[in-house]
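Structure, as structure tokens:
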Amino acid sequence: MSAAITPELRWHAVGRRKVGVARVYLTPGSGKWNINGRTLGDYFPRPSLVSHIQQPFTATDTLGAFDVRALCRGGGVTGQA
């Protein structure tokens, strides 16, 4: 049984690696990515990082079902990914 995705659902999580911190907010939507005010491809130019970031959505077949807003600070782009 899977839960229905409704517009009022929202999720928030914090991820840390060494000194890098990412605060991520998920809301049901059309698959837009906003990372520090930039798109996914603009913020993470390496295709391997984009693929790594999208893995959980691909594994759960929800790629494009959520809008993602992330605030990343500290560390390099690999640690933030």
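Everything in the sequence shown is counted per my numbering, starting at 8 for the first residue and increasing by one. Backbone N, C-alpha and C fix where the C-beta goes; we use that ideal spot for every residue, glycine too.
Close Cβ partners of residue i (< 8 Å) along its chain, the five nearest in sequence each way excluded
i	result
A66	none
DSSP beta-bridge partners of residue i
i	result
G22	A29
A77	V31 and I42
Closest by C-alpha distance to residue i, when choosing among the options
i	options	result
L33	C79, A72 and G83	A72
G38	Q61, F51 and L16	Q61
8 Å contact criterion, which residue i and residue j should meet: CB distance rounded
i	j	result
A29	Q87	6 Å
Cut-off 7 Å between Cβ atoms - residues of its own chain near residue i, not counting five sequence neighbours on either side
i	result
K25	G82 and G86
F51	V57, I60, V84 and A88
W40	T46, L47 and V75
Contacting residues, own chain, Cβ-Cβ under 6 Å from residue i (five flanking each side not counted)
i	result
W18	L33
Pairwise C-alpha distance: residue j and residue i
i	j	result
P54	L78	20 Å
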